[in-house]
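In the working numbering, the protein residues as written are 54 to 239.
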(Lines of atoms letter the chains of each structure in order from A; the text may use other names.)
(Lines give C-alpha, C1' and ligand atoms only; values in the text may rest on other atoms or scores of the structure.)
Protein backbone atom coordinates (compact mmCIF):
# COMPACT_ATOMS: atom_id res chain seq x y z
CA UNK A 54 0.00 0.00 0.00
CA UNK A 55 2.82 2.37 0.86
CA UNK A 56 4.50 1.76 -2.51
CA UNK A 57 1.24 2.35 -4.39
CA UNK A 58 0.75 5.71 -2.69
CA UNK A 59 4.39 6.64 -3.30
CA UNK A 60 4.06 5.79 -7.01
CA UNK A 61 0.79 7.72 -7.31
CA UNK A 62 2.42 10.77 -5.72
CA UNK A 63 5.51 10.40 -7.91
CA UNK A 64 3.36 10.17 -11.06
CA UNK A 65 1.39 13.28 -10.11
CA UNK A 66 4.57 15.22 -9.33
CA UNK A 67 6.24 14.31 -12.62
CA UNK A 68 3.05 15.02 -14.57
CA UNK A 69 2.66 18.45 -12.97
CA UNK A 70 6.28 19.35 -13.68
CA UNK A 71 6.17 18.22 -17.31
CA UNK A 72 2.85 19.96 -17.88
CA UNK A 73 4.41 23.18 -16.59
CA UNK A 74 7.47 22.65 -18.81
CA UNK A 75 5.31 22.06 -21.92
CA UNK A 76 3.22 25.10 -21.08
CA UNK A 77 6.34 27.26 -20.80
CA UNK A 78 7.42 25.92 -24.22
CA UNK A 79 4.00 26.92 -25.64
CA UNK A 80 3.15 23.32 -26.55
CA UNK A 81 0.32 23.14 -23.98
CA UNK A 82 -1.90 25.67 -22.24
CA UNK A 83 -1.63 24.53 -18.64
CA UNK A 84 -4.13 21.68 -18.99
CA UNK A 85 -3.59 18.06 -19.90
CA UNK A 86 -6.10 17.32 -22.64
CA UNK A 87 -7.15 13.70 -22.73
CA UNK A 88 -9.57 11.16 -24.10
CA UNK A 89 -10.66 7.98 -22.40
CA UNK A 90 -10.04 6.02 -25.63
CA UNK A 91 -6.47 7.32 -25.86
CA UNK A 92 -5.85 6.63 -22.17
CA UNK A 93 -7.16 3.08 -22.49
CA UNK A 94 -4.98 2.46 -25.54
CA UNK A 95 -1.89 3.05 -23.38
CA UNK A 96 -2.91 0.08 -21.25
CA UNK A 97 -2.94 -2.15 -24.33
CA UNK A 98 0.40 -0.90 -25.69
CA UNK A 99 2.36 -0.20 -22.50
CA UNK A 100 4.00 -3.59 -21.93
CA UNK A 101 5.36 -3.77 -25.49
CA UNK A 102 6.61 -0.19 -25.31
CA UNK A 103 8.23 -0.70 -21.92
CA UNK A 104 9.95 -3.89 -23.12
CA UNK A 105 11.53 -1.93 -25.99
CA UNK A 106 12.34 1.09 -23.85
CA UNK A 107 13.93 -0.82 -20.98
CA UNK A 108 16.44 -2.26 -23.45
CA UNK A 109 17.45 1.32 -24.32
CA UNK A 110 17.80 2.74 -20.81
CA UNK A 111 21.54 2.21 -20.34
CA UNK A 112 22.65 3.58 -23.71
CA UNK A 113 19.82 5.97 -24.60
CA UNK A 114 17.84 6.88 -21.47
CA UNK A 115 16.31 10.04 -22.97
CA UNK A 116 15.05 8.08 -25.99
CA UNK A 117 13.58 5.38 -23.73
CA UNK A 118 11.49 8.06 -22.04
CA UNK A 119 10.79 10.47 -24.92
CA UNK A 120 9.48 8.01 -27.50
CA UNK A 121 6.42 7.45 -25.29
CA UNK A 122 5.47 11.08 -25.99
CA UNK A 123 5.62 10.46 -29.72
CA UNK A 124 3.51 7.36 -29.25
CA UNK A 125 0.89 9.43 -27.42
CA UNK A 126 0.85 11.87 -30.32
CA UNK A 127 0.27 9.06 -32.82
CA UNK A 128 -2.57 7.51 -30.85
CA UNK A 129 -4.26 10.90 -30.34
CA UNK A 130 -3.94 11.56 -34.06
CA UNK A 131 -5.50 8.18 -34.88
CA UNK A 132 -8.29 8.90 -32.40
CA UNK A 133 -9.10 12.17 -34.17
CA UNK A 134 -8.71 11.02 -37.76
CA UNK A 135 -9.95 7.42 -37.99
CA UNK A 136 -10.31 5.68 -34.65
CA UNK A 137 -12.43 2.81 -35.96
CA UNK A 138 -9.58 1.80 -38.28
CA UNK A 139 -6.72 2.29 -35.82
CA UNK A 140 -8.22 1.55 -32.38
CA UNK A 141 -6.76 -1.96 -32.34
CA UNK A 142 -3.54 -1.41 -34.29
CA UNK A 143 -0.64 -3.34 -32.83
CA UNK A 144 2.26 -1.61 -31.18
CA UNK A 145 4.66 -2.50 -33.99
CA UNK A 146 2.66 -0.35 -36.44
CA UNK A 147 4.25 2.62 -34.70
CA UNK A 148 7.74 1.41 -35.62
CA UNK A 149 9.79 3.16 -38.24
CA UNK A 150 11.91 1.35 -40.83
CA UNK A 151 14.51 0.67 -38.10
CA UNK A 152 11.94 -0.51 -35.55
CA UNK A 153 11.98 1.30 -32.22
CA UNK A 154 15.09 3.31 -33.16
CA UNK A 155 13.30 5.65 -35.57
CA UNK A 156 9.80 5.48 -34.14
CA UNK A 157 9.87 9.25 -33.56
CA UNK A 158 10.62 10.04 -37.20
CA UNK A 159 8.00 7.59 -38.49
CA UNK A 160 5.34 9.11 -36.26
CA UNK A 161 6.18 12.72 -37.16
CA UNK A 162 6.53 12.12 -40.89
CA UNK A 163 4.19 9.25 -41.69
CA UNK A 164 1.43 9.52 -39.09
CA UNK A 165 1.30 13.23 -38.26
CA UNK A 166 2.31 14.28 -41.78
CA UNK A 167 5.12 16.74 -40.99
CA UNK A 168 8.47 17.04 -42.69
CA UNK A 169 11.27 16.13 -40.32
CA UNK A 170 12.81 19.53 -41.13
CA UNK A 171 9.61 21.44 -40.26
CA UNK A 172 9.51 23.81 -37.32
CA UNK A 173 6.83 21.70 -35.68
CA UNK A 174 9.01 18.57 -35.85
CA UNK A 175 11.88 20.54 -34.32
CA UNK A 176 9.60 21.93 -31.59
CA UNK A 177 8.40 18.42 -30.73
CA UNK A 178 11.95 17.10 -30.64
CA UNK A 179 12.98 19.93 -28.31
CA UNK A 180 10.04 19.60 -25.93
CA UNK A 181 10.37 15.81 -25.68
CA UNK A 182 14.11 16.12 -25.11
CA UNK A 183 13.50 18.62 -22.32
CA UNK A 184 10.71 16.49 -20.85
CA UNK A 185 12.84 13.36 -20.87
CA UNK A 186 15.79 15.12 -19.21
CA UNK A 187 13.49 16.61 -16.57
CA UNK A 188 11.86 13.23 -15.95
CA UNK A 189 15.20 11.45 -15.70
CA UNK A 190 16.42 14.08 -13.25
CA UNK A 191 13.33 13.57 -11.09
CA UNK A 192 13.88 9.80 -11.11
CA UNK A 193 17.54 10.20 -10.14
CA UNK A 194 16.61 12.44 -7.22
CA UNK A 195 14.40 9.67 -5.84
CA UNK A 196 17.49 7.58 -4.95
CA UNK A 197 15.86 4.39 -6.14
CA UNK A 198 18.10 1.36 -6.43
CA UNK A 199 18.80 0.71 -10.14
CA UNK A 200 17.28 -2.45 -11.64
CA UNK A 201 14.98 -2.89 -8.65
CA UNK A 202 11.23 -3.45 -8.85
CA UNK A 203 10.72 0.17 -7.68
CA UNK A 204 12.99 1.41 -10.49
CA UNK A 205 10.83 -0.46 -12.99
CA UNK A 206 7.60 0.93 -11.55
CA UNK A 207 8.84 4.54 -11.48
CA UNK A 208 10.02 4.14 -15.07
CA UNK A 209 6.63 2.72 -16.08
CA UNK A 210 4.84 5.65 -14.44
CA UNK A 211 7.22 8.10 -16.13
CA UNK A 212 6.63 6.81 -19.66
CA UNK A 213 2.89 6.75 -19.00
CA UNK A 214 3.08 10.45 -18.19
CA UNK A 215 5.13 11.13 -21.34
CA UNK A 216 2.48 9.27 -23.36
CA UNK A 217 -0.21 11.50 -21.84
CA UNK A 218 1.86 14.61 -22.54
CA UNK A 219 2.31 13.60 -26.17
CA UNK A 220 -1.39 12.88 -26.56
CA UNK A 221 -2.27 16.26 -25.03
CA UNK A 222 0.15 18.08 -27.35
CA UNK A 223 -1.41 16.44 -30.39
CA UNK A 224 -4.97 17.04 -29.20
CA UNK A 225 -4.13 20.71 -28.68
CA UNK A 226 -2.57 20.93 -32.15
CA UNK A 227 -5.74 19.42 -33.58
CA UNK A 228 -7.79 22.18 -31.97
CA UNK A 229 -9.23 20.45 -28.91
CA UNK A 230 -9.58 22.44 -25.73
CA UNK A 231 -11.49 22.41 -22.50
CA UNK A 232 -14.08 25.13 -22.22
CA UNK A 233 -16.13 26.11 -19.26
CA UNK A 234 -19.80 25.92 -19.99
CA UNK A 235 -22.35 27.75 -17.97
CA UNK A 236 -25.34 25.63 -17.09
CA UNK A 237 -28.31 27.71 -16.09
CA UNK A 238 -29.67 26.92 -12.67
CA UNK A 239 -33.26 25.84 -12.29
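The C-beta atom is built at its ideal place from N, Cα and C for all residues, glycine as well.
Only a predicted model underlies this, so the values are computations on that prediction, with no experimental measurement involved.
Mind checking which residues open and close the alpha helix (DSSP H) that includes residue i?
i	result
residue 218	202-226
residue 150	Element bounds for residue 150: n/a, residue is neither H nor E.
residue 194	Counting along the chain, residue 194 falls outside any alpha helix (DSSP H), and DSSP gives it neither H nor E.
residue 157	156-159
Can you look up residue i in the DSSP assignment and give me helix, strand or coil?
i	result
residue 122	helix
residue 172	helix
residue 186	helix
residue 181	helix
residue 243	Past the boundaries of the shown model lies residue 243; the chain is included only from 54 to 239, so the question cannot be answered.
Do the CB positions of residue i and residue j come within less than 8 angstroms of each other?
i	j	result
residue 165	residue 124	no
residue 217	residue 73	no
residue 115	residue 182	yes
residue 129	residue 224	yes
residue 118	residue 188	yes
residue 84	residue 231	yes
residue 222	residue 207	no
residue 137	residue 220	no
residue 212	residue 106	yes
Worksheet item: For the segment 56-143, which segments carrying the alpha helix (DSSP H) assignment without a break, of at least 4 residues, lie completely within its bounds, in sequence order?
Response: Restricted to the segment 56-143, the alpha helix (DSSP H) segments that are unbroken, complete and at least 4 residues in length are 89-107, 114-139, listed in chain order.
Fill in: Meets three-Cβ-pair contact criterion under 8 angstroms: the segment 174-192 and the segment 62-81
Yes, since at least three Cβ pairs between the segment 174-192 and the segment 62-81 fall closer than 8 angstroms, the two stretches touch.
Practice prompt. Would you check if there are 3 or more beta carbon pairs closer than 8 angstroms linking the segment 96-105 to the segment 143-158?
Written response: Yes, since at least three Cβ pairs between the segment 96-105 and the segment 143-158 fall closer than 8 angstroms, the two stretches touch.
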